[in-house]
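Colleague: Please see the structure below; I have some questions.
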Amino acid sequence: MRRYDVCIIGAGPAGLSAAIEAQKLGMKSAVFDENHRPGGQLFKQIHKFFGSKEHMAKIRGFEIGKELLEEAKNVGVDVHLDAVVMGIYEPHRITVREDDSITSYSADSIIVSTGASEKTIPFEGWTLPGVIGAGAAQTMMNLYGVRPGKKILMMGSGNVGLVVGFQLLQAGCEVAALIDAAPRIGGYGVHAAKLARCGIPFYLSHTVVKAEGNGKVEKVTIAEIDKNWEFIPGTEKTFDVDTVCLAVGLTPMSQLLRMAGCKTKYAGGTVPVCDKFGETSIKGLFASGDVSGIEEASSAMIGGKISAVGAAFRCGFINEKEREQKYDEYSLSLFKLRKGLFSKENKGRTDITKTDEGIDLSMTLFKKGYMTEEELKKFVRNSEIKGPHPVIECTQNIPCNPCEDSCSFGCIHVGNEISAVPKFDENKKCRNCKMCVASCPGQAIFIVDNDIGDGYASVSFPYEFCPLPEIGEKGFALGRDGKDLCVAEIIDVTTNKAFDSTAVVTMKVPKEMSMTARFYRKEVPVNE
Amino acid sequence: MSKIIDRSADIGEFVPEKDDDILVCRCEEITKGEIRKAVHMGLYTMTEVKRFLRPTMGLCQGQICGENVRRIIAKELKEPIEALKETTARPPVRPIEMEVFGNEVEKL
Numbered sequence: 015m016r017r018y019d020v021c022i023i024g025a026g027p028a029g030l031s032a033a034i035e036a037q038k039l040g041m042k043s044a045v046f047d048e049n050h051r052p053g054g055q056l057f058k059q060i061h062k063f064f065g066s067k068e069h070m071a072k073i074r075g076f077e078i079g080k081e082l083l084e085e086a087k088n089v090g091v092d093v094h095l096d097a098v099v100m101g102i103y104e105p106h107r108i109t110v111r112e113d114d115s116i117t118s119y120s121a122d123s124i125i126v127s128t129g130a131s132e133k134t135i136p137f138e139g140w141t142l143p144g145v146i147g148a149g150a151a152q153t154m155m156n157l158y159g160v161r162p163g164k165k166i167l168m169m170g171s172g173n174v175g176l177v178v179g180f181q182l183l184q185a186g187c188e189v190a191a192l193i194d195a196a197p198r199i200g201g202y203g204v205h206a207a208k209l210a211r212c213g214i215p216f217y218l219s220h221t222v223v224k225a226e227g228n229g230k231v232e233k234v235t236i237a238e239i240d241k242n243w244e245f246i247p248g249t250e251k252t253f254d255v256d257t258v259c260l261a262v263g264l265t266p267m268s269q270l271l272r273m274a275g276c277k278t279k280y281a282g283g284t285v286p287v288c289d290k291f292g293e294t295s296i297k298g299l300f301a302s303g304d305v306s307g308i309e310e311a312s313s314a315m316i317g318g319k320i321s322a323v324g325a326a327f328r329c330g331f332i333n334e335k336e337r338e339q340k341y342d343e344y345s346l347s348l349f350k351l352r353k354g355l356f357s358k359e360n361k362g363r364t365d366i367t368k369t370d371e372g373i374d375l376s377m378t379l380f381k382k383g384y385m386t387e388e389e390l391k392k393f394v395r396n397s398e399i400k401g402p403h404p405v406i407e408c409t410q411n412i413p414c415n416p417c418e419d420s421c422s423f424g425c426i427h428v429g430n431e432i433s434a435v436p437k438f439d440e441n442k443k444c445r446n447c448k449m450c451v452a453s454c455p456g457q458a459i460f461i462v463d464n465d466i467g468d469g470y471a472s473v474s475f476p477y478e479f480c481p482l483p484e485i486g487e488k489g490f491a492l493g494r495d496g497k498d499l500c501v502a503e504i505i506d507v508t509t510n511k512a513f514d515s516t517a518v519v520t521m522k523v524p525k526e527m528s529m530t531a532r533f534y535r536k537e538v539p540v541n542e
Numbered sequence: 099m100s101k102i103i104d105r106s107a108d109i110g111e112f113v114p115e116k117d118d119d120i121l122v123c124r125c126e127e128i129t130k131g132e133i134r135k136a137v138h139m140g141l142y143t144m145t146e147v148k149r150f151l152r153p154t155m156g157l158c159q160g161q162i163c164g165e166n167v168r169r170i171i172a173k174e175l176k177e178p179i180e181a182l183k184e185t186t187a188r189p190p191v192r193p194i195e196m197e198v199f200g201n202e203v204e205k206l
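Respectively, the protein sequence lines represent chains A and B.
Everything in the first sequence is counted per the working numbering, starting at 15 for the first residue and increasing by one.
Everything in the second sequence is counted per the working numbering, starting at 99 for the first residue and increasing by one.
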C-alpha cells in the first residue's frame, strides 16, 4: 500500500485545482485519472471562458487546462494517468488499476472530483450510428480533428448545446437546427446569438420523434410537444441529417461516493450531501466539481480549492483560523460566479422578465436566439453617437466582465457586481482599438461607426472561422437572424496576439444598416 | 432520500405504449416495454428489476441507461424519480479483466 496525505480522484478542473492547493498547503498529493490525458473536459473547450480575471475569464478552456497542468507539475503533485480508481474502502483507501495491476493507496483525506457523464434520451432509432453525445462531438472535433458528421441536428439548447453547436460550424459542419423540449433557450443569450446570426434556426418545445436510416442516421423527424410532453400531430418536420447530437444534461458520476456510503440526495442525479467545504457525511471524504452538482468549469476550479482547504484542516496542515480565511477568500470568488440569470436559484425559471437593472429582457432572444431592434434599444443608444464606438449586445445578467478590463480608456463599465449588464460610457472616447470586440467571450460587442462618408457606416464584429475574409472582398451583410440584408464590403481584418485567435472584421454597409448588420457571408459564386 | 415503495399500492394494469420497443439498456438489449412489464409483475425496485432483466449490468454499468431505467420504473409506480433507490454501487466501478485483479501490487 502507498500513502499520500491526500488522494484526489479525477484530474479535471476541480481535481487539478484541489491538488495544486493541497500541495501548496504542504500536503503530499496525488491525482488519479482514468484517461490518458489530464484536464477532464477542459482540453475540449476551445472557446473563451466567462467570469472575471480571477476566474481566468477570456482565456480559452484548453489554455486554462495547460496552465493548471503546468502548475500541478511545478508544485510537485503526483499525476497518475491511465489510472482507474476501481473502488473506495474505509478508512480512506482506494484501489487503482495502473497498467495490468492493482495498487492500493491510502490517504488521510480523499477528494472525489470524478465529474459527470452525459445524459441520453431514448427515442425511436436512437441506437443508430450517428446519434452521439455533444461531448463525443467535441472530443472528435477538438481533440482529434475529426468532423462528427456533415449535417447535424443539435438536441438541447443549454450552454453545452449552444457552445458545441457553434464549434460544429467552426469545424465546417452544417447545423440543421437546434431543438429543445423546453419553451426557452436554456443557455446564455450571447451563445445563442452567435448561432442565430449564422442562420441556425431554433425550435423550442420540440423533441425528436424518430431517427431513420439504413444502418446509420439519414433522416430525423422532430415535432412540437404540448405541456404534457405529448407530440402535437401535424407539427412534424423532417431533416436530412447524418448526425444527431444529444446535449440533454449531465449526470454526476457519484458511484465512488455512494460506494463509500456517504449521505446523498437527488439533484438532477445523485449528489453527496456536503458542508461548505465539500466534506461529505464521512469525515475526510470530500467532493468537488460536477460530481457534487453540475456547474461551470470556472466554479469547479474554485470548489476544488475549497475542498483542498477543508482537507488540509482535517489532516492538521492548517488551523481553523487559516481555514476560515482561505474559505472567505475563495467563497467570495465563487459567490460572484453564482449570480445572475443563470444561477442555481434562477435555473429553469420562466417568470423573470427584467434584468437586475430593471430593463426588459428580450423574449425573442429566449425563443429565437436573437434580439429585435426594438428590444435592443432598451439597452443601447446609438443613433446620435459620432465616430466609432462599441455597441454592447450583452443583455442578460451573466457573471462576466473581461470587456471592462479590455478597454484601457475606461469606456466600458460593469462594476463590482460582475453579473451586471455592461454599459458604454458615452463621455469617454472610444479609440477603436477593438480589444473589447475580441475579448468578449460571448462575442457580443460590435464597434459601429454610423457615418464613414458617402452614405456608409462601418460595423466591426468578431470572427472565428477559417478562412478569414479578405480586404476588398464583397459579400452579404447578415442580420442578427442570419438573413441576408445588403451588400457589404470588407474594409479591415485585424488579428493580433492580444486578440487570441479572434479576428475582428470590419465591413462597410449602407448607413441605415449600422444597427442591423451583425455578420457576414462571402458571396458564393454561382456555378455554371 | 428514497422512501420505501408501498407494495400494496395499486399501480393499475400494464398498458402497452407505442414506444415500448425502444431499447433503453443497450449493453444488455432491454426495451422500455420489458422494464415496464417487470414493474407490473411486482418488481418495484431498481435492484429487483436489475436482477430480473439485467439492465445496468452491461459494459457501461448503468452509466448511460441507469437514470433512464430509474425514471421508467418510477413513472410506472407513479412516484418521483428520487423516491426510487439507485442500484448499489460496488467495486469495480469500471469493467476489469480477472487477470488484472490477480496482480495486486503490494508496495511500501
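Ideal Cβ positions, reconstructed from N, Cα and C, are used throughout, including at glycine.
Note that this is a predicted model, so its numbers are computed, not measured.
Grab me the residues of A/Val99's own chain with a C-beta within less than 7 Å of its C-beta, minus the 5 sequence neighbours each way, in chain order.
Modeller: Once the five neighbours on either side are set aside, the close Cβ partners of A/Val99 are Ile23, Phe46, Ile108, Val110, Leu270.
Colleague: How long is the line joining the alpha carbons of A/Phe490 and A/Leu142, rounded to whole angstroms?
Modeller: Their Cα atoms are separated by approximately 38 Å.
Colleague: A/Val262 to A/Ile135, Cα distance in whole Å?
Modeller: Roughly 8 Å between the two C-alpha positions.
Colleague: What residues of chain B sit near A/Met100, judged by a beta carbon separation below 8 Å?
Modeller: Per Cβ cutoff of 8 Å: Pro189, Pro190, Val191, Arg192, Ile194.
Colleague: Which of the residues in the stretch 106 to 129 of chain B, read from start to end, lie with their CB under 7 Å from any CB of chain A?
Modeller: Here the close residues are Asp117, Ile120, Leu121, Val122, Arg124.
Colleague: Tell me which residue opens and which closes the alpha helix (DSSP H) that A/Thr378 is part of.
Modeller: Unbroken alpha helix (DSSP H) run through A/Thr378: 377 to 382.
Colleague: Within this structure, are the beta carbons of A/Met41 and A/Phe331 separated by less than 8 Å?
Modeller: Their beta carbons are under 8 Å apart, which means A/Met41 touches A/Phe331 by this criterion.
Colleague: Which word fits B/Tyr142, buried or exposed, when buried means at least 16 other C-beta atoms lie within 10 angstroms of its C-beta?
Modeller: Label assigned to B/Tyr142: buried.
Colleague: Assuming A/Ala71 contacts A/Cys450 under a Cβ cut-off of 8 Å, what Cβ separation, rounded to an integer in Å, is found between them?
Modeller: That belief does not hold up - the Cβ atoms of A/Ala71 and A/Cys450 are roughly 13 Å apart, past 8 Å.
Colleague: Could you check the C-alpha separation between A/Phe533 and A/Lys38 for me, to the nearest Å?
Modeller: When rounded, the distance between both Cα atoms is 47 Å.
Colleague: Any idea if B/Ile170 is buried or exposed, counting beta-carbon neighbours within 10 angstroms, 16 or more meaning buried?
Modeller: B/Ile170 comes out buried.
Colleague: For a quick check, are the C-beta atoms of A/Phe300 and A/Ser123 less than 8 Å apart?
Modeller: Yes, Cβ-Cβ distance for A/Phe300 and A/Ser123 is below 8 Å.
Colleague: Which bits of chain A does B/Ile171 rub up against, with CB to CB less than 9 Å?
Modeller: Ordered by position in chain A, no residue passes the 9 Å Cβ test against B/Ile171, which lies about 14 Å from the chain.
Colleague: In chain order, what residues of the same chain have a beta carbon less than 7 Å from the beta carbon of A/Tyr18, not counting five sequence neighbours either side?
Modeller: These residues qualify, in order along the chain: Lys42, Ser43, Ala44, Tyr119, Ala121.
Colleague: Considering only their Cβ atoms, is the gap separating A/Asp506 from A/Thr520 smaller than 8 Å?
Modeller: Going by C-beta atoms, A/Thr520 is nearer than 8 Å to A/Asp506.
Colleague: Hey, how far is the Cα of A/Asn88 from the Cα of A/Gln55?
Modeller: Rounded to the nearest angstrom, the two C-alpha atoms are 22 Å apart.
Colleague: Alpha carbon to alpha carbon, what distance is there between A/Lys488 and A/Glu542?
Modeller: With a pLDDT of only 41 at A/Glu542, under the threshold of 50, the placement of this residue in the model should not be trusted; the figure read from the coordinates follows. Distance between the alpha carbons of A/Glu542 and A/Lys488 is about 20 Å.
Colleague: Does any residue of chain C bring its CB to less than 8 Å from the CB of A/Phe137?
Modeller: Of the protein chains in the structure, A and B, none is chain C.
Colleague: Could you pull the DSSP bridge partners for A/Leu167 from this structure?
Modeller: Per DSSP, A/Ala191, A/Val258.
Colleague: Might you give, ordered along the chain, the residues of its own chain that have their beta carbon closer than 7 Å to the beta carbon of A/Lys392, omitting 5 neighbours on each side?
Modeller: So the qualifying residues of the chain are Ile373, Asp374.
Colleague: In the DSSP output, which residue or residues are listed as bridge partners for A/Val145?
Modeller: DSSP lists A/Val258 as partners of A/Val145.
Colleague: Taking Cβ positions, are A/Ile9 and A/Ala274 nearer each other than 8 Å?
Modeller: Shown here, chain A extends from 15 to 542; a query on residue 9 of chain A therefore has no answer.
Colleague: Output, in chain order, the set of chain A residues within a Cβ distance shorter than 9 Å of B/Glu202.
Modeller: Under the 9 Å cutoff, chain A gives Thr109, Ser115, Ile116, Thr117, Ser118.
Colleague: When the cut-off is 8 Å and only beta carbons count, does B/Val137 lie next to chain A?
Modeller: By this cut-off, B/Val137 is not an interface position.
Colleague: From the DSSP output, in three-state form, read off A/Ser312 for me.
Modeller: In this structure, A/Ser312 counts as helix in the three-state DSSP scheme.
Colleague: Around the Cβ of A/Cys480, are there at least 16 other Cβ atoms within 10 angstroms (buried) or fewer (exposed)?
Modeller: Label assigned to A/Cys480: exposed.
Colleague: For B/Ala172, which option in B/Ile120, B/Gly200, B/Lys135 has the closest C-alpha, if you only look at C-alpha atoms?
Modeller: Nearest option by C-alpha distance: B/Lys135.
Colleague: Could you list the residues in the stretch 261 to 284 of chain A with a C-beta less than 7 Å from some C-beta on chain B, going in chain order?
Modeller: Listed by position along the chain: Thr265, Gln269, Leu270, Arg272, Met273, Thr278, Lys279, Tyr280, Gly283, Thr284.
Colleague: Looking at the C-beta of B/Glu132, does it have a partner C-beta in chain A at a distance below 8 Å?
Modeller: It does not: the Cβ of B/Glu132 has no partner Cβ on chain A nearer than 8 Å.
Colleague: Considering only the beta carbon of each residue, do A/Gly456 and A/Pro27 sit closer than 8 Å?
Modeller: Contact flag unset, no.
Colleague: Given a threshold of 16 other Cβ atoms within 10 Å of its Cβ, counted over all protein chains shown, does B/Leu206 qualify as buried or as exposed?
Modeller: With a pLDDT of only 45 at B/Leu206, under the threshold of 50, the placement of this residue in the model should not be trusted, and no figure is reported.
Colleague: From the beta carbon of B/Val198, is the nearest beta carbon of chain A less than 8 Å away?
Modeller: Judged by the 8 Å Cβ criterion, B/Val198 is in contact with chain A.
Colleague: Taking just the CA atoms, how far does A/Lys165 sit from A/Val223?
Modeller: A/Val223 and A/Lys165: Cα-Cα distance of roughly 18 Å.
Colleague: Of the residues A/Gly307, A/Ile296, A/Leu260, which one's Cα is nearest the Cα of A/Lys279?
Modeller: Closest by alpha carbon: A/Gly307.
Colleague: Going straight from the alpha carbon of A/Cys259 to that of A/Val231, what length do you get?
Modeller: Cα to Cα, the separation comes out at about 11 Å.
Colleague: Tell me whether A/Glu542 sits in a helix, a strand or coil according to DSSP, three-state version.
Modeller: Note on A/Glu542: pLDDT 41, under 50, position unreliable in the model; the coordinate value appears next. Residue state, collapsed to three classes: coil.
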